[in-house]
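Student: Dumping the structure here so I can ask a few things about it.
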């Protein structure tokens, strides 16, 4: 089975290569030039440019890149699974579905499962990670798709933004609201729900934001001690390491993973945002029900 993902998953390039995952890099537009995300430009470079006043934007992978990859898959008669960045944040899912419909006209037996992850950053990455490992272990395409969808529906994704100016630049907050928020040291907390980034609370101060995010994670999730909890950061390694220690002490999870928030989300949040990802209680309730 051939697995596809786009650069919104924020997984290391080495991992994707090791597990033979085909990467569709999103396009980063910065200072009048375009770059292939993860291949031609690193997230750190994007954050440095933002700090210097640039306003980068991201665009979907060119259609011809998807077409060529899927056409090759169709000719090989191999099964394929493409897990996409949330369709509410990108057109990758829609474009992939359109191309699949074109190819089915020529290849009626074309087998490509396209999954809208409804996730971002490591929430999306955790789905790709699981699919890649299951594929390596020899699970069937059906089993992999079923497990990915189950995890997708149970993924808790929480994000705290440090600087409201970047949300205003991206049109997600009014400039007046951002100005007042900065004066009052307000940090909004967002949650991904049904693939959309929704503001759920506001707190004053980054430390309070971190603590509130941990409280929300504990409310939404059970069995945290048996999970891999993931942290994404927007170019703030020190704060992410601090949060990791708190997570390890408070929840004693099986593992804590850390990665940088990539360009696809970072262009909107700006530097120093922080996010947490884990599975909610419905995932473990499902497992217990089927034991």
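Numbering (UniProt numbering), first residue to last: 1 to 291. The C-beta atom is built at its ideal place from N, Cα and C for all residues, glycine as well.
Along the chain, where does the beta strand (DSSP E) containing residue 21 start, and where does it finish?
Tutor: 21-24
Student: On the DSSP bridge list, what partners appear for residue 155?
Tutor: 279
Student: Buried or exposed, going by whether 16 or more other CB atoms sit within 10 Å of the CB of residue 60?
Tutor: buried
Student: Please determine if the region 268-278 and the region 227-239 are in contact, where contact requires at least 3 C-beta pairs separated by less than 8 Å.
Tutor: With a cut-off of 8 Å on Cβ pairs, the region 268-278 is in contact with the region 227-239, counting three or more such pairs.
Student: Mind reading off the beta-carbon distance from residue 63 to residue 95? Whole number of angstroms is fine, and I expect it under 8 Å.
Tutor: 6 Å
Student: What is the rounded straight-line gap between the Cα of residue 244 and the Cα of residue 77?
Tutor: The alpha-carbon atoms of residue 244 and residue 77 are separated by roughly 44 Å.
Student: Under the DSSP definition of a beta bridge, which residues are partnered with residue 30?
Tutor: 33
Student: Going by DSSP in three states, residue 187 sits in which element: helix, strand or coil?
Tutor: Correct three-state label for residue 187: strand.
Student: For the ligand SAH, any of its heavy atoms closer than 7 Å to the Cβ of residue 240?
Tutor: As for the ligand SAH, it is missing from this structure, which has no ligand bound.
Student: For a test of the three-state rule: what should DSSP assign to residue 84, helix, strand or coil?
Tutor: strand
Student: Is residue 6 helix, strand or coil by DSSP?
Tutor: Here residue 6 sits in strand by DSSP.
Student: In the DSSP assignment, find the unbroken beta strand (DSSP E) run with residue 209 in it and report its ends.
Tutor: Residue 209 -> not in any beta strand (DSSP E); alpha helix (DSSP H) instead, spanning 206-220.
Student: Of all the options 31, 2 and 40, which has the alpha carbon lying nearest to the alpha carbon of residue 22?
Tutor: 2
Student: From residue 261 to residue 73, what distance separates their C-alpha atoms?
Tutor: 30 Å
Student: Pick helix, strand or coil for residue 76, following the three-state DSSP scheme.
Tutor: It is helical.
Student: So residue 187 packs on residue 161, CB below 8 Å; how close in whole Å?
Tutor: 6 Å
Student: So, under 8 Å CB-CB, residue 191 and residue 157 are touching, yes? Tell me the CB distance rounded to an integer number of Å.
Tutor: 6 Å
Student: Quick test of your reading: residue 163 and residue 53, contact by CB under 8 Å. State the CB separation rounded to the nearest angstrom.
Tutor: Incorrect: roughly 13 Å between the Cβ atoms, too far for contact.
Student: Mapping DSSP to helix, strand and coil, what is residue 273?
Tutor: coil
Student: Apart from the five residues just before and just after residue 259, which ones in its own chain have a Cβ nearer than 6 Å to its Cβ?
Tutor: 10, 122 and 232
Student: Does DSSP classify residue 57 as helix, strand or coil?
Tutor: strand
Student: Hey, how far is the Cα of residue 255 from the Cα of residue 241?
Tutor: 13 Å
Student: From residue 148 to residue 85, what distance separates their C-alpha atoms?
Tutor: Their backbone Cα atoms lie some 13 Å apart in a straight line.
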